[in-house]
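Engineer: The listed protein sequences derive, respectively, from chains A and B. Counting from 1, one number per residue, gives the positions in the first sequence under the working numbering. Counting from 1001, one number per residue, gives the positions in the second sequence under the working numbering. The structure is given below, and queries will be raised subsequently.
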Amino acid sequence: MIFMHLARIAAIVLRQLYLMRGSISRVLPLFVWAGIDIVLWGFITRYLNAITSSGVNFVPSLLGAVLLWDFLIRVMQGVTMTFFEDVWSRNFLNIFATPLSVAEYLSGLVLSSIATSSVGLIVMVALATMVFGLSFFVYGLMLVPFFLVLFMCGIALGILGSGVVLRFGPPAEWFVWPIPAIISPFVGVFYPVSTLPRWMRYISRVLPPSWVFESMRTIVSGKSIAPYGLLWGFGLAVVYILLACWFFTSVYRHAVRTGLIARYSAETLS
Amino acid sequence: MQARANERLQGKIPLMEKVLSVAQLYKTYGETVAVDGISFDVDRNEIVGLLGPNGAGKTTTINMILGVLAPGSGRISIQGVDIATHRSQGLQRTNFAAVYAPLPGNLTVQQNLRIFGMLYGVENLAQRIAALLQQFDLEKFRDVKCGVLSSGEQTRVSLAKAMLNSPQLLLLDEPTASLDPSVARDIRDKIKDFAGQGTGGVLWTSHNMYEVEEVCGRVLFLSHGRILLEGDPKTLPREHGKATLEELFISVAREPLTLEVG
Chain A
1 MIFMHLARIA
11 AIVLRQLYLM
21 RGSISRVLPL
31 FVWAGIDIVL
41 WGFITRYLNA
51 ITSSGVNFVP
61 SLLGAVLLWD
71 FLIRVMQGVT
81 MTFFEDVWSR
91 NFLNIFATPL
101 SVAEYLSGLV
111 LSSIATSSVG
121 LIVMVALATM
131 VFGLSFFVYG
141 LMLVPFFLVL
151 FMCGIALGIL
161 GSGVVLRFGP
171 PAEWFVWPIP
181 AIISPFVGVF
191 YPVSTLPRWM
201 RYISRVLPPS
211 WVFESMRTIV
221 SGKSIAPYGL
231 LWGFGLAVVY
241 ILLACWFFTS
251 VYRHAVRTGL
261 IARYSAETLS
Chain B
1001 MQARANERLQ
1011 GKIPLMEKVL
1021 SVAQLYKTYG
1031 ETVAVDGISF
1041 DVDRNEIVGL
1051 LGPNGAGKTT
1061 TINMILGVLA
1071 PGSGRISIQG
1081 VDIATHRSQG
1091 LQRTNFAAVY
1101 APLPGNLTVQ
1111 QNLRIFGMLY
1121 GVENLAQRIA
1131 ALLQQFDLEK
1141 FRDVKCGVLS
1151 SGEQTRVSLA
1161 KAMLNSPQLL
1171 LLDEPTASLD
1181 PSVARDIRDK
1191 IKDFAGQGTG
1201 GVLWTSHNMY
1211 EVEEVCGRVL
1221 FLSHGRILLE
1231 GDPKTLPREH
1241 GKATLEELFI
1251 SVAREPLTLE
1261 VG
């Protein structure tokens, strides 16, 4: 029985791999924009290093932050892109009339995202380390929880975005793409959260990436971090994944109740 | 329907294993009643035609059986498994092909069959796919993307997908609608063979009454979400004073009240 369940999850991943194979329009976005971001910010950090006399190295704080933030975006898009394949090929009726459960479907989206976001991460790490001299030794073992929290947050955002598109139809893709851009000012990718006005700081406290970027800057500045911050971020990320799964499942049940799954091209039925 | 149940009890119709049992199924869309308390069974070996004019509730019924549409009330069980409580278990024994649900056009025939085979938990999948490619004359399209196939070829791929898990219950929504007469006959023969093998039963919708008469052992006429008539397609028209099944269909579509049974 467990094998059967794994096979269903694997089917979602395999479908994505089939689509990737030989499709340049699917493969290039996995790393091109992330790579361009690293190149752009790599030169910006070099420039900042050159014009500031403080001796501060912007590479680990700024370029490292860009890399981590882009990783979150790739993870989120890994989930949504796999989901969108079913939207674009109008495949919901076929796929949800199989024994596949919502949990298995979401697991398939997450595993696909791990595969696709890894490509972007490898390219970003290669560029940042080999071209711009970013060293991950600066962050030490804390790099693991950094990536873990951001990965979980990306998964939560991806599932949330997929639920939004399932609920409101294909045009709602527009709501999904800007989500990282909307969040980024609050989480302090490029600056400390203390820079923000008070009301924005309140929001940043409940966003897991804020705790990652604050911790990262603390480490780079040579201070020791308070572990409760990252633990809080991890806990928040777990809660958001559970909430995102609940949201998607609720939307799916609504779609089954109203008939939207079978008539998805109508976009909305109520 | 009650008469048929009585005939069964009296032994005039042999008791067969039900692969599908639908009881008091009801569905509304807002104020519109799409399916109005229908009940019927499909037995193993049996091909049952679900007939009716557009909007009669055929596709709504099929969608509810497939678990992609929740009934307002009623019970659907596939081989005794209630799909409301054991959805995956029930759907593992089911499959379908519908003219409005082509397989993803950006995957090849073999890729689609492999993915759906995994979703349905088919064992010895490679051999099963090879056998179906041969059975549906799709070997030359094995590595062709479904999106570039003709509508008839796509229908054959959908049917091959529908046979992947050797379903106990096969749902076919106008499976021959886009096929030329020669291919349609071939497909009908394959479906009849499937039912004849005794592995499963078939629920079939079609607007081709010639086809229905040839293939179905029993038909259910739906109108406004209710089953108006049930019986043998070869004898049903005469029982209601019509010369052909097509005439009976037109009467159901235009004057359902004159045919309504209690």
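Backbone N, C-alpha and C define an ideal beta-carbon position, used for all residues, glycine too.
Is the CB of A:S101 under 8 Å away from at least one CB in chain B?
Structural biologist: Answer yes: the Cβ-Cβ gap between A:S101 and chain B drops below 8 Å somewhere.
Engineer: Taking the alpha carbon of B:L1222 as the reference point, which residue from B:I1250, B:A1195, B:V1215, B:Y1210 has its own alpha carbon closest?
Structural biologist: Out of B:I1250, B:A1195, B:V1215, B:Y1210, B:I1250 has the C-alpha closest to the C-alpha of B:L1222.
Engineer: DSSP has B:F1040 in a bridge; who is on the other side?
Structural biologist: For B:F1040, which the question treats as bridged, DSSP gives the partners B:V1022.
Engineer: With DSSP run on the structure shown, which of helix, strand or coil describes B:T1032?
Structural biologist: Reduced to three states, the DSSP call for B:T1032 is strand.
Engineer: Three or more beta-carbon pairs under 8 Å between the segment 203-215 of chain A and the segment 224-237 of chain A, yes or no?
Structural biologist: Judged by Cβ distances under 8 Å, the segment 203-215 of chain A makes contact with the segment 224-237 of chain A, as three or more pairs qualify.
Engineer: In chain order, what residues of the same chain lie with their CB nearer than 6 Å to the CB of A:Q16, ignoring the 5 residues before and after it?
Structural biologist: For A:Q16, where only same-chain residues beyond five positions count, the Cβ hits under 6 Å are T82, S112.
Engineer: Which ranges would you report for the alpha helix (DSSP H) in the segment 22-57 of chain A if only whole runs of at least 4 residues count?
Structural biologist: Counting whole runs of 4 or more residues, the segment 22-57 of chain A contains the alpha helix (DSSP H) stretches 24-51.
Engineer: Is there at least one non-hydrogen atom of the ligand GTP closer than 7 Å to the beta-carbon of A:I9?
Structural biologist: This structure lacks the ligand GTP, and indeed carries no ligand of any kind.
Engineer: Report the partner residues of B:W1204 according to the DSSP bridge assignment.
Structural biologist: According to DSSP, which records beta bridges pairwise, B:W1204 is partnered with B:G1049, B:L1172.
Engineer: Around the C-beta of B:D1232, are 16 or more other C-beta atoms found within 10 angstroms, so that it is buried, or is it exposed?
Structural biologist: The residue in question, B:D1232, is exposed, as its Cβ has fewer than 16 Cβ neighbours within 10 Å.
Engineer: Check whether the segment 87-102 of chain A and the segment 128-137 of chain A touch, using three or more Cβ-Cβ pairs below 8 Å as the test.
Structural biologist: Judged by Cβ distances under 8 Å, the segment 87-102 of chain A makes no contact with the segment 128-137 of chain A, as fewer than three pairs qualify.
Engineer: Mapping the DSSP letters down to three states, classify A:L236 as helix, strand or coil.
Structural biologist: Here A:L236 sits in helix by DSSP.
Engineer: In chain A, which residues lie with their C-beta within 8 Å of the C-beta of B:M1118?
Structural biologist: By Cβ distance, chain A contributes A7, R8, A10, A11, L14.
Engineer: Taking the continuous alpha helix (DSSP H) assigned at B:A1098, which residues delimit it?
Structural biologist: Where B:A1098 is concerned, there is no enclosing alpha helix (DSSP H), although the beta strand (DSSP E) it sits in stretches over 1094-1098.
Engineer: Can you list, in chain order, the residues of its chain whose CB lies under 6 Å from that of A:V149, leaving out five sequence neighbours each side?
Structural biologist: Excluding positions up to five away in sequence, the list reads P208, V212, G233, F234, A237.
Engineer: Is it true that the CB of A:I261 sits closer than 8 Å to the CB of B:V1068?
Structural biologist: Their beta carbons are under 8 Å apart, which means B:V1068 touches A:I261 by this criterion.
Engineer: Under 7 Å Cβ-Cβ, which residues of chain A neighbour B:V1148?
Structural biologist: By Cβ distance, chain A contributes nothing, its closest Cβ being about 14 Å from B:V1148, past 7 Å.
Engineer: Listed in chain order, which residues of the segment 1182-1203 of chain B have Cβ atoms closer than 8 Å to some Cβ of chain A?
Structural biologist: Correct list: empty, as no residue qualifies.
Engineer: Can you look up B:G1152 in the DSSP assignment and give me helix, strand or coil?
Structural biologist: Note: B:G1152 maps to helix in three-state DSSP.
Engineer: Which residues of chain D have a Cβ atom closer than 7 Å to the Cβ of B:N1106, listed in chain order?
Structural biologist: Annotation note: the requested chain D is absent from the structure, which comprises protein chains A and B.
Engineer: In angstroms, rounded to a whole number, what distance separates the CA positions of B:L1228 and B:L1169?
Structural biologist: Each residue's alpha carbon lies about 23 Å from the other.
Engineer: Kindly say whether A:R167, judged by its beta-carbon, lies nearer than 8 Å to any beta-carbon of chain B.
Structural biologist: For A:R167, the answer is no, since every Cβ of chain B falls outside 8 Å of its Cβ.
Engineer: Start and end of the beta strand (DSSP E) containing B:E1239?
Structural biologist: That residue, B:E1239, is in no beta strand (DSSP E); its alpha helix (DSSP H) goes 1236-1239.
Engineer: Quick check: what's the CA-CA separation for A:P192 versus B:R1093?
Structural biologist: For A:P192 and B:R1093, the distance between alpha carbons rounds to 57 Å.
Engineer: Do we get a CB-CB distance below 8 Å when we pair B:Q1111 with the residues of chain A?
Structural biologist: It does: the Cβ of B:Q1111 has a partner Cβ on chain A nearer than 8 Å.
Engineer: Under the assumption that A:S194 contacts A:L109 (Cβ atoms under 8 Å), give the Cβ distance between them as a whole number of angstroms.
Structural biologist: No, A:S194 and A:L109 are not in contact; Cβ-Cβ is about 36 Å, not under 8 Å.
Engineer: So, using beta-carbon positions, are B:V1099 and B:E1174 closer together than 8 Å?
Structural biologist: A contact, by the Cβ cut-off of 8 Å.
Engineer: Mind checking if A:V256 is an interface residue toward chain B, Cβ cutoff 8 Å exclusive?
Structural biologist: So, interface residue.
Engineer: Could you tell me the distance, in whole angstroms, from the CA atom of A:Y47 to the CA atom of A:G120?
Structural biologist: Using only the alpha carbons, I get a separation of about 25 Å.
Engineer: Need the endpoints of the beta strand (DSSP E) that B:I1227 sits in, please.
Structural biologist: Unbroken beta strand (DSSP E) run through B:I1227: 1226-1231.
Engineer: Within the 8 Å Cβ cut-off, does A:G259 reach chain B?
Structural biologist: So, interface residue.
Engineer: Going by C-alpha to C-alpha distance, which of A:V32, A:G64, A:P29 sits closest to A:I44?
Structural biologist: The shortest C-alpha separation from A:I44 is found at A:G64.
Engineer: Can the beta-carbon of B:A1034 be found closer than 8 Å to that of B:G1074?
Structural biologist: No, the pair does not count as a contact, with Cβ atoms beyond the cut-off.
Engineer: Using 8 Å for Cβ pairs, my map puts B:G1105 next to B:C1146. What's the rounded Cβ distance?
Structural biologist: Yes, they are in contact, since the Cβ atoms of B:G1105 and B:C1146 sit about 5 Å apart, within 8 Å.
Engineer: Please determine, among B:V1215, B:V1122, B:Q1134, the residue with the shortest C-alpha to C-alpha distance to A:H5.
Structural biologist: Ranking the options by Cα distance to A:H5, first place goes to B:V1122.
Engineer: Tell me whether A:L196 sits in a helix, a strand or coil according to DSSP, three-state version.
Structural biologist: Residue state, collapsed to three classes: coil.
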